[in-house]
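Number 445 in this note's numbering belongs to position 100 of the sequence shown; there are no gaps in the numbering. C-beta atoms are modelled at their ideal positions from N, C-alpha and C, and glycine is treated no differently. Report on the following structure.
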Amino acid sequence: MSIWIDAGATPPALDKVKLAQYLKGDPSIINKPDRASGLTPLAAAIRKGNSSTVKLLLDNGADPDVKTQDGRTPMFLAASAPKQRARMIQLLLAKNPKTFDDAGPASFGNETPLMAAVRKSDASAIKLLVEAGASKEKKNSSGQTAKDIADKLQPPDLAVKDALNIMATKGKGGLIAYINEWVLQVLAYFDIWTPLSDIFDAASRAHLKLPGSNPAPGEDIAEPQTVQDFKNNLDNAIKRGGLEKFFPPNDPYINDVAKKAFQLKNDPKNNLNSPAQVDGLAKLALYQPVLYCDDSGSMWQEENGKGKGDRWRAQIELVKRISSIASRTDPLNRGCHLRFINKNTPDANGLNKDQIEQRLKSFYPEGWTPIGTKLRENVLDPLIYKDVDAGVALKRPFLVLVTTDGYPTKEKAGKSGSAGKIDENGNEDADRFRKEIHECAMKFENSKEGYRKDVVRFSISQIGKKISYVEDEEKVRAFLDGLEYDADIEDVLYRTAELMDARYDELRQNEKDLEGWLLTTLLSPLQSLYNTT
346 MSIWIDAGAT PPALDKVKLA QYLKGDPSII NKPDRASGLT PLAAAIRKGN SSTVKLLLDN
406 GADPDVKTQD GRTPMFLAAS APKQRARMIQ LLLAKNPKTF DDAGPASFGN ETPLMAAVRK
466 SDASAIKLLV EAGASKEKKN SSGQTAKDIA DKLQPPDLAV KDALNIMATK GKGGLIAYIN
526 EWVLQVLAYF DIWTPLSDIF DAASRAHLKL PGSNPAPGED IAEPQTVQDF KNNLDNAIKR
586 GGLEKFFPPN DPYINDVAKK AFQLKNDPKN NLNSPAQVDG LAKLALYQPV LYCDDSGSMW
646 QEENGKGKGD RWRAQIELVK RISSIASRTD PLNRGCHLRF INKNTPDANG LNKDQIEQRL
706 KSFYPEGWTP IGTKLRENVL DPLIYKDVDA GVALKRPFLV LVTTDGYPTK EKAGKSGSAG
766 KIDENGNEDA DRFRKEIHEC AMKFENSKEG YRKDVVRFSI SQIGKKISYV EDEEKVRAFL
826 DGLEYDADIE DVLYRTAELM DARYDELRQN EKDLEGWLLT TLLSPLQSLY NTT
């Protein structure tokens, strides 16, 4: 495993002992970017909302000003994070970062951390930034200020507007900075005022209505050991995820998942056997996994002849392992559904890892990348909409795992849209993929059956460590970056930071580490099932 994977793991995996080992090998590693993702360890932790890991890294020398390779600051990442934004902003501000108000790169609209917090409708995060002196006058690439963005929020959020209207003072913000920068450090130096240190930290959290560091009633058991422990955490996840429609109280299926999780914890053949990892496996059993794979021609043969078949073979190995992990705690052994962009496989349902490998090895990829068009035709319509439109209740929520090496080509206009001028890549609507995900969320949010908009969750990952041309690489990055911070779909789509095949090559000699990373990848779209405080 690596420090970057551990820092961004779900559930958190980096502790004091591991960090000390990494720093002993290379003291500078704490601020180095990962070659695969471009993230520093601090950025990886922030991006996942792992506030305890963020604190650990900052306390051990992580620089709050070091940007990711694409130009995002730690503060921008914290304001954009899926959870624990205010707590991470508080931790960063305590280190007096010079870049706390810097705008992000052009690929992210030149938006400031304050703008990102406004888009998240996070009044606590906004309050922290404003009190620290974040500019309300700066404009993004669209000419909008943070207030302009707030004015367009739907539905309107008065708490956000109130937070923006406060003045930067030396009051609360100054008090927190004083406590964090001077009082706590002095107490820590003499090592005799630990209880008082905890009181100051708790006071600063309460002052800004931030969560405490100790587990509150109803939170998960961090190290589940018994069947009841696993069931307790599953019940919590069901409530957080709004999944009561699928799993009513005392559902026998949940009891069976908890029993299987307990068995796996004590199974020496299971590489993912830490209590936290098994707990993650149990949460995956709440969803029906769908593997939506890229089978375009570039997955086998790049334009300039390099890397023949490398991406396709890497995808086979990755998808095979993903299918094993995703269904490991399902007591009914229902497996994964397998779908492709070009090849139609309507009967590839409930497959185990061996069946998936056999399917993938039975043909060579060819064709274009109409990733949005075929998402609708091969995944959403036959697997989900067909039943919903017929009034048939869904048995489980869905987790659609998308792997691709490219950007959209040969996309058709959707049913609700109109064909525009065909672009250089043969697209009638190059935005079809994003629109299909947004339409899916809206379909369920507005449904009479009481589904939530995230009843179908998506994850998109890139395969392709060797891109033939710079122009293609830029198109891929623009496509994926455009998805990551889109307010319309951010609650239902997660983008993996790493190049999947590059990370696979790095970890393939250690099956335990490889499975640990893949578990994190699978759980990332399901972060709302974990404690959000």
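Check, Outcome
"Could you pull the start and end residues of the beta strand (DSSP E) that Pro569 belongs to?", "Where Pro569 is concerned, there is no enclosing beta strand (DSSP E), given that its DSSP letter is neither H nor E."
"Please give me, in chain order, every unbroken run of the beta strand (DSSP E) with length at least 3 that falls completely inside the region 754-821.", "801-807"
"Going by C-alpha to C-alpha distance, which of Tyr637, Asn510, Ala426 sits closest to Gly353?", "Ala426"
"Going by CA-CA distance only, name the one from Asn395, Arg679, Glu781 that's closest to Ile701.", "Arg679"
"Hey, is the region 408-424 in contact with the region 382-392, meaning 3+ C-beta pairs nearer than 8 Å?", "yes"
"When DSSP builds the beta bridges, which residues end up paired with Tyr839?", "Ser804"
"Is Val837 buried or exposed, if buried means 16 or more other CB atoms sit within 10 Å of its CB?", "buried"
"Quick check on DSSP: helix, strand or coil for Val664?", "helix"
"In this structure, how does DSSP classify Leu384 when only helix, strand and coil are distinguished?", "coil"
"Comparing C-alpha positions only, which one of Asp360, Asp379, Thr749 sits nearest to Asp404?", "Asp360"
"Where do the ends of the alpha helix (DSSP H) carrying Gln872 lie?", "Neither: Gln872 is in no alpha helix (DSSP H) and is coded neither H nor E."
"Indicate whether Arg585 and Ser873 have their beta-carbon atoms separated by less than 8 Å.", "yes"
"Answer yes or no: do Asp574 and Ile583 have a C-beta to C-beta separation smaller than 8 Å?", "no"
"By the DSSP assignment, the alpha helix (DSSP H) with Gln633 in it spans what residues?", "Careful: Gln633 lies outside any alpha helix (DSSP H), inside the beta strand (DSSP E) at 633-638."
"Within the continuous alpha helix (DSSP H) that includes Thr398, where are the two ends?", "396-404"
"Could you give the DSSP three-state label for Thr718: helix, strand or coil?", "helix"
"So Phe591 is in the alpha helix (DSSP H); what residue range does that whole segment cover?", "From DSSP, Phe591 is part of no alpha helix (DSSP H); its letter is neither H nor E."
"If you run the structure through DSSP and keep just helix, strand and coil, what is Phe607?", "helix"
"Just checking, does the region 661-680 make contact with the region 600-614 on the three C-beta pairs under 8 Å criterion?", "yes"
"Could you tell me the distance, in whole angstroms, from the CA atom of Lys492 to the CA atom of Asp507?", "11 Å"
"Using the Cβ count rule (16 or more neighbours within 10 Å means buried), how would you classify Lys472?", "buried"
"When you compare only the Cα positions, how much space is there between Ser396 and Ala388?", "11 Å"
"Enumerate in chain order the residues of its own chain whose CB-to-CB distance from Pro691 is below 7 Å, with the five nearest sequence positions on each side excluded.", "Pro727"
"Could you give the DSSP three-state label for Val362: helix, strand or coil?", "helix"
"Pair every Cβ in the region 738-753 with every Cβ in the region 716-723, then say whether three or more of these pairs are closer than 8 Å.", "yes"
"Report the three-state DSSP secondary structure of Leu696 (helix, strand or coil).", "strand"
"Residues in its own chain within less than 8 Å of Asn616 by CB, not counting five upstream and five downstream?", "Glu856, Lys857, Glu860, Gly861"
"By the 10 Å Cβ neighbour count, where 16 or more other Cβ atoms means buried, how is Gln570 classified, buried or exposed?", "exposed"
"Which of the three DSSP states is assigned to Leu844 in this structure?", "strand"
"If I'm right that Ser466 touches Leu498 with Cβ under 8 Å, what's the distance once you round it to whole angstroms?", "6 Å"
"Out of Val664, Lys428, Leu609, which one is the CA nearest neighbour of Thr749?", "Val664"
"In or out: Val505 buried (at least 16 other Cβ within 10 Å) or exposed?", "buried"
"Let me know if Gly394 comes out buried or exposed under the rule of 16 or more other beta-carbons within 10 Å of its beta-carbon.", "buried"
"What is the DSSP secondary structure of Thr286, counted as helix, strand or coil?", "There is no way to answer for residue 286, as the model of the chain reaches only from 346 to 878."
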